[in-house]
Each structure stands twice: as C-alpha cells, then as structure tokens.
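Colleague: In the UniProt record's numbering, the protein residues as written are 1 to 286.
Starting off with a structure, shown below.
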C-alpha cells in the first residue's frame, strides 16, 4: 500500500478515555481503504506539557492531532502557523505536522454550525446566551455570528475571558457581544431565543448543569457542545421543559469529518459518520 494511505493521528485532552473520535475516524478510514490509527493521549495520565507532547508526536511520525479541553487555547503558542479560522478564534482543535512547520486549524466552528442547522433547521439565532468563553465558546460565538446572531450574551466563570472573547468578536460588526457575570444570565434568558453550553459542566467528570434548569422556558432552544454523555443534565432538563434541543452529537461528527479531511486530504462521508456516531452512542448506553 502506498505510504500516503497510512496515517497515525491522535487526540490530546483531559478525561478522554471514552472519546468516540477513534472509532469515528477509523470507521471512515476503513471505508476508504486507508490504514489509519487514532491514538488517545490523555493529559490526566501523561507527564509533560502540550508543547512537549506535540514534539514527541512529530518525532513518532504522527500526521496530526486533534486537541480538546483544556488545551485548545494553550496549544496556540506552540505552533508555527495558524489557519485563518484558528487565528481569528485564538483556539485550535486540529494540528497538522508538515515538513518544517506545525499548522493549527479549528474545525469546531464548522462542526457547531453544521450540527445546529441539522438539529434545529430554521431556528431563530437573533439573540443567544453563550455559557463558556474558552476554545469551544470562541468557535460557537463565531458560528452564531455567521448564522445571523445580532445579540450574543457571553458568561464565563472567568469574567476576563468573557471580555477577551467579546473583543475577538469585533471582526463580526453585525453582532453585538455583551459579556455578563453568571448571576445576570437568568435575566438575559427570559428574552433570549437560544442558549448554548460551551463549558465542560455536564460532561463525564464534571457533573451538574451550568445554570439552574428552573430558568429554562419553552420559548428557548438549548444546545450543548458535550456529547459524553449525549443527554447531558442540561439537555435532559431542557427537554422536560419543552425546549427544542441540539445535543453535542452534530458538532462532534462534523468537526471530526473536517479534521479527517485535513489529515488525509480525502472528503469523508459525513452522513455515514453521523450514522456511525448514533450506533456508537447507542452501544455506549447499553
């Protein structure tokens, strides 16, 4: 088999033992006749900072890496080049190793936008509350601006981070970004069209909901970027209160598909990958 048909890739992040990324990538690679191995590199069980891990992966012959919580922003300083979308967001979720340079990309923006449109076609995005201003939050904010959001309210446990995201979003003049403290979120939700959780709260190892579910109302759509578990406490509470919901499945599938294309140069079958994801999600709940 030609060397261009062999790929060693991986994922760096914290608490990623149950990630579906290996299966999503490897199943699509099998359909395309590629030799493709996807390795998990869990920050909770390995010594060394993100820069050291990148250097080690390059030496070992990795084609590239996906990057997830909590390293999407920290990784930027260790890269040679940023693709335009990563430079705008200040966050990277896909790293490519090329001769003489390391390139950072961000496929989360595409993943969230495509997943939201799939789950909630035609939904109003004019006024949205965003919880979390980290790497995932930056991608969500940019995707919402492109989808027509006129007023974006951003809250984060770190107020300075919310302020930085607001300044980053100045490249989208049609969107007003208002950083607010977490205690102001309930008032903003009363008149919002949608709510997006881009914090780790609700994922495995981070139990709970990012806000009191009592503030949700039927006129609100609710999206979560988390997919482990697929039915986060927030998504479950939103369903119970009559909200339209978008779980994290769409984002993870479509960002994975875009990363796969960056790694291999081959266009994946995103519909087939979405079917794979649903099968894997059903198996994980058995």
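Positions of the beta carbon are idealized from the N, C-alpha and C atoms, including for glycine.
Treat the numbers as computed from the prediction; the structure is a model and nothing was measured.
Return the first residue and the last residue of the alpha helix (DSSP H) that residue 13 is part of.
Modeller: Here residue 13 belongs to no alpha helix (DSSP H); instead the beta strand (DSSP E) covers 6 to 13.
Colleague: Rounded to whole angstroms, what's the CA-CA distance from residue 222 to residue 242? Just pull it up for me.
Modeller: Between residue 222 and residue 242, the C-alpha separation is close to 10 Å.
Colleague: Check the C-beta distance from residue 69 over to residue 86 and give it rounded, since I have them as a contact under 8 Å.
Modeller: In fact, because the Cβ distance is near 16 Å, the residues do not count as touching under 8 Å.
Colleague: Within this structure, are the beta carbons of residue 259 and residue 66 separated by less than 7 Å?
Modeller: Going by C-beta atoms, residue 259 is nearer than 7 Å to residue 66.
Colleague: If I follow the unbroken beta strand (DSSP E) through residue 51, where does it start and stop?
Modeller: Residue 51 -> not in any beta strand (DSSP E); alpha helix (DSSP H) instead, spanning 50 to 59.
Colleague: What residues match up with residue 93 in a beta bridge as DSSP calls it?
Modeller: According to DSSP, which records beta bridges pairwise, residue 93 is partnered with nothing at all.
Colleague: Which residues in the same chain have their Cβ closer than 7 Å to the Cβ of residue 256, if we skip the five residues on either side of it in sequence?
Modeller: Result list for residue 256: 21, 24, 25 and 273, in chain order.
Colleague: Given a threshold of 16 other Cβ atoms within 10 Å of its Cβ, counted over all protein chains shown, does residue 278 qualify as buried or as exposed?
Modeller: Exposed.
Colleague: Checking 7 Å against the spacing of the C-beta atoms, do residue 154 and residue 179 come in under that value?
Modeller: Closer than 7 Å, so yes.
Colleague: Apart from the five residues on each side of it in sequence, which residues of its chain come closer than 7 Å, Cβ to Cβ, to residue 146?
Modeller: For residue 146, where only same-chain residues beyond five positions count, the Cβ hits under 7 Å are 113.
Colleague: Which class does residue 211 belong to by DSSP, given the choice of helix, strand or coil?
Modeller: In this structure, residue 211 counts as coil in the three-state DSSP scheme.
Colleague: Please classify residue 227: does DSSP put it in a helix, a strand, or coil?
Modeller: Here residue 227 sits in coil by DSSP.
Colleague: Can you tell which of 151, 136 and 64 has the C-alpha that lies nearest to the C-alpha of residue 7?
Modeller: Among 151, 136 and 64, the Cα nearest to that of residue 7 belongs to 64.
Colleague: Going by DSSP, name the residue or residues bridged to residue 199.
Modeller: Partner(s): none; residue 199 has no beta bridge.
Colleague: How many Å lie between residue 203 and residue 170 at the Cα?
Modeller: Cα-Cα distance, rounded: 30 Å.
Colleague: Residue 46 to residue 12, Cα distance in whole Å?
Modeller: Using only the alpha carbons, I get a separation of about 10 Å.
Colleague: Do residue 107 and residue 80 come within 7 Å of each other at the CB atom, strictly closer than that value?
Modeller: Their beta carbons are not under 7 Å apart, which means residue 80 does not touch residue 107 by this criterion.
Colleague: So which of 219, 218 and 214 has the shortest CA-CA distance to residue 233?
Modeller: Per the Cα distances, 214.
Colleague: Assign residue 123 to one of three DSSP states: helix, strand, or coil.
Modeller: It is coil, neither helix nor strand.
Colleague: Per the DSSP calculation, residue 37 is bridged to which residue(s)?
Modeller: DSSP, once it has assigned bridges, lists 8 as partnering residue 37.
Colleague: Can you have a look at residue 240 and say buried or exposed, based on whether 16 or more other CB atoms are within 10 angstroms of its CB?
Modeller: Looking at its Cβ environment, which holds fewer than 16 other Cβ atoms inside 10 Å, residue 240 is exposed.
Colleague: Any contact between the segment 53 to 63 and the segment 25 to 35? By contact I mean 3 or more CB pairs, one from each, below 8 Å.
Modeller: The segment 53 to 63, when compared against the segment 25 to 35, does not touch it at the 8 Å Cβ threshold.
Colleague: Mind reading off the beta-carbon distance from residue 244 to residue 120? Whole number of angstroms is fine, and I expect it under 8 Å.
Modeller: 6 Å between Cβ atoms; contact.
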